[in-house]
Amino acid sequence: MRAAALTKTAFIMVLCFCSVGRGVFAIGQAQYVVSVNGPGSFPIVQGDDAAAVYVDSKDWPGVIRAVNDLQADIARVTDRKATISSDASTLAGNAIIIGTIGKSQVIDDLVKSGRIDISQITGKWECFFLQVVPNPLPKVSSGLVI
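Residue numbers for the sequence shown follow my numbering, beginning at 1058 and rising by one.
Rendered as structure tokens:
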């Protein structure tokens, strides 16, 4: 995957999570934003707490920049500042895990353990996937993997 394309795509998708209202989505596309908690949902902000955002420090510079932009967007929309970490051992609760296959150790470990299935994007350019993964890391109860 090209870094610029991944950065743009990841940023747009996460921004949509934060800013689109319920019922606003294109015909035939998955609805990503809802106003109530339900099975398979992921709260970016819950009460006073924003989910932490993880990115591997060795990932592409554009991906790291997109994570910083995401942090700013979450703050603009919710008045809550998400923490950014490149140390997975510091994460707890809910976390947004963003990374590139082959550049992010956490993403690669999730693939190797079978926790995420990348078959839908393997060998493709400018693509991404979103998956809510229960307990993706030892102290993380729910992870939104992008």
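Even glycine gets a Cβ: it sits at the ideal position worked out from N, Cα and C.
- Cβ contact annotation for Asp-1165 (same chain, cutoff 8 Å, sequence separation greater than five): Ile-1158 and Gly-1159, in chain order.
- In the DSSP assignment, Ile-1121 falls within the alpha helix (DSSP H) that extends over 1118-1135.
- No Cβ-Cβ contact shorter than 9 Å links Gly-1200 with Ile-1141.
- Contact between Val-1197 and Ala-1152 holds, since their C-beta atoms are separated by about 5 Å, short of 8 Å.
- Here Gly-1156 really is in contact with Asp-1116; their C-beta atoms are around 6 Å apart, less than 8 Å.
- A residue is called buried when at least 16 other Cβ atoms come within 10 angstroms of its Cβ; Pro-1193 meets this threshold and is buried.
- Under the three-state reduction of DSSP, Leu-1201 is assigned to strand.
- 9 Å or more divides the Cβ of Val-1168 from the Cβ of Gly-1097.
- The closest CA to that of Ser-1146, considering only Tyr-1111, Ala-1123 and Ala-1132, is found on Tyr-1111.
- Beta bridge pairing from DSSP links Val-1110 with Ile-1141 and Ile-1153.
- Rounded to whole angstroms, the separation of the alpha carbons of Cys-1184 and Gln-1177 is 9 Å.
- Bounds of the beta strand (DSSP E) holding Gln-1188 are 1188-1194.
- Residue pairing by DSSP places Gln-1103 opposite Asp-1106 in a beta bridge.
- Counting along the chain, Leu-1167 sits inside the alpha helix (DSSP H) bounded by residues 1162-1169.
- Of all alpha-carbon atoms in Gln-1128, Asp-1106, Trp-1182 and Pro-1118, the one lying nearest the alpha-carbon of Gly-1150 is that of Asp-1106.
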